[in-house]
Amino acid sequence: MSGWTLLMGIFAFACLDRLKWLNGKKWVKAKLPIPIPEQLVVLILTTVMAWAGNLQKNAGVGVIGDIPSGLYVPQLPPISVARVSEIASPAVTVALVTYILTINVGKAVGSKHNINVDATQELVALAAQSVVGAVTGSCVPSGSFSRTALIAQLGAESAVHNAVSCVVVMLVSLTLTGSLFHLPKATLAAIIFMALKAMINIDTARFLYGVSKREWGQWMVAFLVTTFGGVTLGIVASIGLSIILLLKQASRPSTAVLGVLPGTDVFVSVKRYPAALELPGIKVFRFDGAL
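Using the numbering used here, the letters of the sequence shown correspond one by one to residues -15 to 275.
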């Protein structure tokens, strides 16, 4: 990565941050009928800069480059016994990973906006998208953390934004792909980073650290692996670690000697509650596992 690419990314991020700050001002809200489209403004500005200065050749700034125009003609994919046997195993793996990723993204965003995510509904939606995508040449359907974070930041509150996005993508694919040649990749990275920044919740880590060191450790492993290895690897690492911890807990379940709290009939662990009193001549033992 060249130094100019880094500067372009920093410039784009700074512009996004200032425009977001400007949109939050009351006097701006009072004078403008709609908020300033931060991402669109920065995208156009940096694209014009890259085109005017020919930064791809003169400074080594990475750009999107050629994008094929037009739309895919719907058609049935070629089906044969050999092809089905070839893709059956990877298809199961991809389906599991994309489903888990979609649910995790949905629950992460839903927890911030008090939205209940129905796992069955998401499965049906992914299945329907896969059937349609099979004849339209689309990518494998999956929840995108970066796109979801961006949509949440833009304030979308219903699925209507998907229809609007489809129309815009169709128009761009048919008429404007040439105009995106000089769009710096650093600008796209800045837009995604700006959206993801709002999704990072350090308070969750602090809460888990105070409640359970083991769950905090799981959170840290998931966070670090996802940050440096990607979402898919982060999910695999999280599932693997959870299975290991579950097997460890099942093989060595916790135990406790119980005592009664003075003035009550509640039995609790004498180790966690020193005020609890053991019954004379009786040892109450709790085994947290299957016999």
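For every residue, glycine included, the Cβ atom is placed at its ideal position computed from N, Cα and C.
Report the three-state DSSP secondary structure of residue 128 (helix, strand or coil). coil
Answer yes if the segment 38 to 54 comes into contact with the segment 155 to 169, meaning at least three C-beta pairs across the two stretches below 8 Å, and no otherwise. With the cut-off at 8 Å, the segment 155 to 169 and the segment 38 to 54 touch.
Alpha carbon to alpha carbon, how far is residue 170 from residue 237? Give it in angstroms, no decimals. 50 Å
Can you check DSSP and say which residues form a bridge with residue 239? 271
Buried or exposed for residue 134, please, with buried defined as at least 16 other CB atoms from any protein chain shown within 10 angstroms of its CB. buried
Please classify residue 126 as buried or exposed, where buried requires at least 16 other C-beta atoms within 10 Å of its C-beta. buried
Taking 8 Å as the cut-off, does the segment 17 to 33 touch the segment 140 to 157 (at least 3 CB pairs, one atom from each stretch)? no
According to DSSP, residue 114 sits in a beta bridge with which residue or residues? DSSP output for residue 114 lists no bridge partner at all.
With DSSP as the reference, please indicate the residues paired to residue 157 in a beta bridge. Answer is none; residue 157 lacks a bridge partner.
Counting only runs of 3+ residues fully inside the segment 14 to 49, write out the beta strand (DSSP E) ranges in chain order. You should have found no qualifying run.
Please tell me whether residue 280 and residue 120 are closer than 8 Å, where the distance is taken between their beta carbons. For the chain, the structure presents residues -15 to 275; residue 280 sits outside this window and is missing.
Starting from the Cα of residue 3, find the closest Cα among 221, 178, 224, 234 and give me that residue. Looking only at 221, 178, 224, 234, the smallest Cα-Cα distance to residue 3 is reached by 178.
Three or more beta-carbon pairs under 8 Å between the segment 83 to 93 and the segment 101 to 113, yes or no? yes
Does DSSP put residue 251 in a helix, a strand or coil? strand
Could you please give me the residues that DSSP links to residue 244 through a beta bridge? 251, 261
By the DSSP assignment, the alpha helix (DSSP H) with residue -3 in it spans what residues? Residue -3 -> alpha helix (DSSP H) spans -13 to 7.
Decide if residue 129 is buried, meaning its Cβ has at least 16 other Cβ atoms within 10 Å, or exposed. Residue environment analysis places residue 129 among the buried positions, since at least 16 neighbouring C-beta atoms fall within 10 angstroms of its C-beta.
Let's see if you can read the secondary structure: which residues bound the alpha helix (DSSP H) around residue 84? 65 to 97
Do residue 270 and residue 239 come within 8 Å of each other at the CB atom, strictly closer than that value? yes
Sub-8 Å separation of residue -14 and residue 26 beta-carbons: no
Residue -7 burial status per 10 Å Cβ neighbour count (16 or more: buried): buried
Taking residue 220 as the reference, which of 78, 153, 185 has the closest Cα? 78
Closest by C-alpha distance to residue 257, when choosing among 266, 246, 264, 234: Comparing Cα-Cα distances from residue 257 to each of 266, 246, 264, 234, the minimum goes to 246.
When the Cα atoms are used, what is the spatial distance from residue 124 to residue 216? If you take the alpha carbons of residue 124 and residue 216, they lie about 14 Å apart.
In chain order, what residues of the same chain have a beta carbon less than 8 Å from the beta carbon of residue 158, not counting five sequence neighbours either side? The residues are 53, 54, 55.
In the DSSP output, what is residue 168 paired with across the bridge? 47
I'd like the span of the alpha helix (DSSP H) that includes residue 198, first residue to last. Segment 197 to 213, the alpha helix (DSSP H) holding residue 198.
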